[in-house]
Amino acid sequence: DQKRFCLACVSALRHHREGRTPVFLLQQLCNIMCPTKPEPTYWLILTKSPTQEEFIRGGMTKNPYCSLDIGTTMRDVKRKICTDLDLGGLMEDENGMELLVRGNIVRLDLPISLVYEQVWRPSLQGNSESPMEVIYRLQGLDGEATEPIVEALHDSDASKQEDPEEEVAMTALMSETGGLQVLLDRVKDIDMASAKSELEPLLLRLLHACCKLRSNRIAALRLGAVDIVLTRVCVVLQEDPIPPSAETMLLILEFLVQEANSETPAESERAGEVSTNQEENFKLLLSRLGSHTVRCR
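The structure is reproduced here in C-alpha cells:
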C-alpha cells in the first residue's frame, strides 16, 4: 500500500545520495504526499477603451493572453497591462486604472478564475470557452463611472476545501520514520550542482508540505530546522537573480517560527535554538526581505 511504499522510499533515500536515484525517490514521495494540482487556464483579450485612444499609447498586441503567464488576480492583469504599455506610474496605484468585463467594473483583488466563471461565462453559449474580454481604461478621463461594480464573488470551492492538515496527513510518516532528518540533512548538503538540478525543488516542496502539519513542525524544530533552513536561504538570497527556491524556504521558515512562537518560552527556546554565528544571516535576511524579487504572501 501507499504507506509501505513511502516507508521504503524514505529508507532508500537515507542510503542513496548520488545520481538520479534521490530525485526519483523524492518524486515518488511528492506524488503521494503533496501532489501538484493542475491550475485552470483562462485566456484573456485585453483591449483599450475606444474612448481613450488618445490618452493611452500603444495597445496589448499579443492577444489572447494566458492567465498562467499573467497571475491569479485581476490586479495581476492590470500589472501586465502597465508593464507592457510602460505605465509604471500606475503599477501600484489602486485607483488609476479600471478593468471592465461585460460592462462591469471588477475589483482588482478578485481572482481571474472567479471573474471568468461568474461574470464572463454566463454570456457564453453552450460549453464555449472563448477568451474573456477585458477592457482597460484610465479612471476619470471619461467622467464619473456609471457601470456597476463587482465588489466580491463567492468561491463555492473554497468552502469545500479540506483542512490543510488533512491534505498533508500522509507527511506524518516523515517525522515518525526519521524522514524529516533525512530531508534536513539533504538541505544542509545542497551544493551548486544539486541546487541547479531537480533535487532542491523536490526537497523543498516535500519539506514545505511537511511543515503544514503541526507534529512535523514540532519535530523539525527539535532537529534544528530553523538553523538549517536559515543558513541555506541566506546563501540563496545572495544569488542574482534570486531563484524561486528562496520563496519556498521563506515560507518554511515562516511555518517554523510561528510554531516556535506558539510554544511556551521554555519549549520555544529548546525547539528554536540557532547557532551563535547566525547574527549575520539574520541581518542579510532582513535586508533582502524588501527585495521585489522576494514575493510576500
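Start counting at 1 in the sequence shown, then tack on 2, and there's your number in this note's numbering.
Where a beta carbon is used, it is the ideal one built from N, C-alpha and C, also for glycine.
The structure presented is a predicted model; accordingly, all values stated were derived computationally and were not measured.
Spatial distance of residue i from residue j (CA atoms)
i: Gln127; j: Ser115; result: 18 Å
i: Gly142; j: Glu168; result: 48 Å
i: Ser177; j: Leu92; result: 48 Å
i: Ser130; j: Gln30; result: 37 Å
i: Pro52; j: Pro42; result: 30 Å
i: Val296; j: Ile34; result: Caution applies to Val296, whose pLDDT of 49 falls short of 50 and renders its modelled position unreliable; the value that the coordinates give is listed next. Taking the straight line from one Cα to the other gives about 29 Å.
i: Asp193; j: Ile230; result: 14 Å
i: Asp111; j: Gly181; result: 39 Å
i: Val170; j: Cys68; result: 30 Å
i: Asp166; j: Thr250; result: Asp is not the amino acid found at residue 166; the sequence shown has Pro there. Going from the Cα of Pro166 to the Cα of Thr250 covers about 17 Å.
i: Cys213; j: Gln54; result: 50 Å
i: Cys298; j: Pro66; result: The pLDDT assigned to Cys298 is 43, lower than 50, so where the model puts this residue is not dependable; a value taken from the coordinates is nonetheless given after this. Roughly 28 Å separates the two Cα atoms.
i: Gly145; j: Arg139; result: 12 Å
i: Glu200; j: Ser247; result: 11 Å
i: Lys64; j: Val237; result: 38 Å
i: Met134; j: Ser158; result: 21 Å
i: Gln183; j: Ala221; result: 9 Å
i: Arg232; j: Ala262; result: A small fix is needed here, since residue 232 is Leu in this sequence, not Arg. Cα-Cα distance, rounded: 14 Å.
i: Val25; j: Pro40; result: 21 Å
i: Leu239; j: Leu252; result: 10 Å
DSSP three-state assignment for residue i, whether helix, strand or coil
i: Arg139; result: strand
i: Ile244; result: coil
i: His294; result: With a pLDDT of only 43 at His294, under 50, the local geometry of the prediction cannot be trusted, and the value read off the model is given with reservation. His294: coil per DSSP, three-state reduction.
i: Val152; result: strand
i: Pro40; result: coil
i: Pro133; result: coil
i: Arg6; result: helix
Buried versus exposed, by CB contacts within 10 Å (16 or more), residue i
i: Lys5; result: exposed
i: Ser125; result: exposed
i: Phe7; result: exposed
i: Arg207; result: buried
i: Glu256; result: exposed
i: Asn2; result: Residue coverage of the chain in this structure runs from 3 to 299, which leaves residue 2 outside it and unanswerable.
i: Arg81; result: buried
i: Glu202; result: buried
i: Ala154; result: exposed
i: His294; result: A caution first: His294 carries a pLDDT of 43, below 50, which makes its placement in the model unreliable, though a value can still be read off. Its Cβ having fewer than 16 others within 10 Å, His294 is exposed.
i: Lys50; result: buried
i: Arg234; result: buried
i: Thr74; result: exposed
i: Leu101; result: buried
i: Ala147; result: exposed
i: Leu89; result: buried
i: Ala227; result: buried
i: Leu48; result: buried
Integer Cβ distance of residue i from residue j, believed to fall under 8 Å
i: Ile151; j: Ile107; result: 5 Å
i: Leu258; j: Leu223; result: 6 Å
i: Leu205; j: Leu87; result: Contact doesn't hold; Cβ gap of about 40 Å is too wide.
i: Val12; j: Met76; result: In fact, because the Cβ distance is near 43 Å, the residues do not count as touching under 8 Å.
i: Val136; j: Val189; result: 42 Å between Cβ atoms; not a contact.
i: Glu149; j: Gly98; result: In fact, because the Cβ distance is near 17 Å, the residues do not count as touching under 8 Å.
i: Ala211; j: Thr173; result: 5 Å
Taking the runs of the alpha helix (DSSP H) that are 4 residues or longer, which of them lie wholly in the stretch 42-111? 69-72, 76-86
Run through the stretch 189-259 for me and flag every whole beta strand (DSSP E) of 3 or more residues, listed as ranges in chain order. none
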